[in-house]
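Residue 808 is where the sequence shown starts when you use my numbering, and the numbers rise one by one after that.
Ideal Cβ positions, reconstructed from N, Cα and C, are used throughout, including at glycine.
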Amino acid sequence: MWKRMKQAILIGLTIFNCWLFFRFFYIETETFKAPSKECNLEAWYLQNNSASNSFMPSIFSFGKQTYFDKRAKALENMKIVFRPQPSGSKVDPWYYHHHVPYQHSFKKVINEPTLCSQHEKVFLLYAVRTIYDHFDRREVLRNIFSNIPEDSCAKGVPIKHLFLFGKPNNSTIESLIQKESEMYHDILLEDFKESYVNVSIKAIMAWKYSVEFCANAEYVAVMNDEAFIDLNRIVSWLGHDLSKGKYDDHFALCYRIGDSPALHKHIKQFTYLDEEILYRGDFYPPYCHGFGYIAPINVINKLYLAALQNAYYMPTDVWIGVLAEMLNINIINHEHQYIFTGVLKHYASGKYQKSPTIVAICDFENLKSETGKLMRQLYQVIYN
């Protein structure tokens, strides 16, 4: 009798452990497979009633409240709730008990207020953190957004891009950025100082613009300019994410790291900064790596509202991770959708077609000056 009970208990424990293993990998890490050739846009078209109506410029609404207006009002009226610090949290408890207000009141020197509102609905706003010297990277990304192949899932889907600048300390450079803006109409520049220390402000800048001027977007990407993207795969990936029907509880694309000891105190670039703008904890929460992430507009709005109640600190990625934990936003690991090393070989060898790669980080193993060249090479492989 006891022997049988012992066997039953062992079998039960085995099943329970298997369930835990499956649950962990299913929830925390999504799809190891290569992207489907399907565009997965059925949910998008269904939500928009018909493709033709969804792309109709809002100026044809003849006085009726547009979808943009409705979404802007909904975002404006959204309320956020910070949950109590969860069990197992690695965040310093100080942040749960001391909410420091922040006001993002910088002047928009260059703006594109109608970038999104000229459409009734936008599928993706792709916001890129950049600096003036990286014109070659911006040119590759502009080509990706403007020269979409006929057979791409992105063809005909309303996608907007925007390059984010701080104010340079050189009037000549600022005038050159102004000229670039007049040529391409895809630049946002605010009057905070362009510097590494202010990269957190660029994140808030992107979130605020999304809420104010792109409320009709389904998704918002905030990426660095060294990220080379396959727009076809991004649309297919986000179409699949949209079909799940969850719009306010997760990052749709994220390279999850963290859950580790705080290392910034030993990194040279942080040792020069005032302690008051550094993360004070000894351990990091889970967070999306700083080279970029994509989230539904509701999540972006939540992060923006949380930022107004929790002044930013460095590292920026960790600060966003703390906000996400407070808001109970799920950080799923999509590490297989990113590639860092052997990038050109991966794309040119044919491995890419069978891989799940969506984003290539092009400055990880190359000189910064070579990043634009690598991105051009990848563009020739993928888009030509």
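- Of the other Cβ atoms in all chains shown, 16 or more fall within 10 Å of the Cβ of V1106; this residue is therefore buried.
- G1099 has M1030 as its beta-bridge partners, per DSSP.
- Every unbroken stretch of the beta strand (DSSP E) spanning 3 or more residues and falling wholly within the segment 986 to 1011 is given here in chain order: 994 to 1000.
- Annotated three-state conformation of E1172 is coil, per DSSP.
- Contiguous beta strand (DSSP E) elements confined to the segment 1075 to 1155 occur at 1094 to 1103, taking only those with 3 or more residues.
- Per DSSP, R936 is not a residue of any alpha helix (DSSP H); the beta strand (DSSP E) it occupies stretches across 929 to 936.
- Taking C-alpha positions only, S988 is separated from S1043 by approximately 30 Å.
- The segment 1157 to 1172 makes no contact with the segment 1086 to 1095: fewer than 3 CB pairs, one atom from each, lie closer than 8 Å.
- Closest by C-alpha distance to W851, out of L1045, H1071, T1178, is L1045.
- R1087 and W901 have their C-alpha atoms some 9 Å from each other.
- In the three-state scheme derived from DSSP, where H, G and I count as helix and E and B as strand, L1060 is classed as strand.
- Per the C-alpha coordinates, the member of A1010, F913, A961, I917 positioned closest to R936 is A1010.
- Using a Cβ distance threshold of 7 Å, M1182 and R949 do not count as a contacting pair.
- It is roughly 30 Å from the alpha-carbon of L1185 to the alpha-carbon of P1122.
- For I951, the enclosing alpha helix (DSSP H) has its first and last residue at 942 to 953.
- D1056 counts as exposed, since fewer than 16 other beta carbons sit within 10 angstroms of its beta carbon.
- By the Cβ rule, the segment 1014 to 1034 does not count as touching the segment 980 to 994, because fewer than three pairs are nearer than 8 Å.
- Note on Y1079: under 16 other CB atoms within 10 angstroms of its CB, so exposed under the neighbour-count rule.
- Around the beta-carbon of G973, 16 or more other beta-carbon atoms lie within 10 Å, marking it buried.
- In this structure, DSSP gives V907 a state outside helix and strand, which the three-state scheme calls coil.
- Residue state for V888 is assigned as coil, using DSSP reduced to three classes.
- Approximately 17 Å separates the beta-carbon atoms of Y1111 and C1061; this is outside 8 Å, ruling out the contact.
- Separation of the CB atoms of K914 and E981 is rounded to 13 Å, and the pair is thereby denied contact status at 8 Å.
- Per the coordinates, the alpha-carbon of F930 lies some 19 Å from the alpha-carbon of K1109.
- With a contact defined as Cβ atoms closer than 8 Å, A1059 and D1048 qualify at about 5 Å.
- In this model, N884 and F875 are separated by some 14 Å (Cα to Cα).
- For V964, there is no enclosing alpha helix (DSSP H), as DSSP marks it with neither H nor E.
- Under DSSP, L971 shares a beta bridge with R936, L995.
- In this structure P965 is buried. Its beta-carbon is surrounded by 16 or more other beta-carbon atoms within 10 angstroms.
- For I917, same chain residues with a beta-carbon under 6 Å away, outside a window of 5 residues either side, are S988, I994, L996 in chain order.
- Taking 7 Å as the cut-off, the Cβ atoms of A1013 and I1104 do not count as close.
- Inter-residue distance for S1162 and H906 is about 43 Å (C-alpha atoms, whole angstroms).
- The residue from E845, N1039, Y1159 with its alpha-carbon nearest to that of E957 is N1039.
- By the C-beta density criterion, K886 is exposed, having fewer than 16 other C-beta atoms within 10 angstroms.
- For V1188, the enclosing alpha helix (DSSP H) covers residues 1178 to 1190.
- The beta-carbon separation of Y933 and K967, rounded to 7 Å, stays under the 8 Å limit for a contact.
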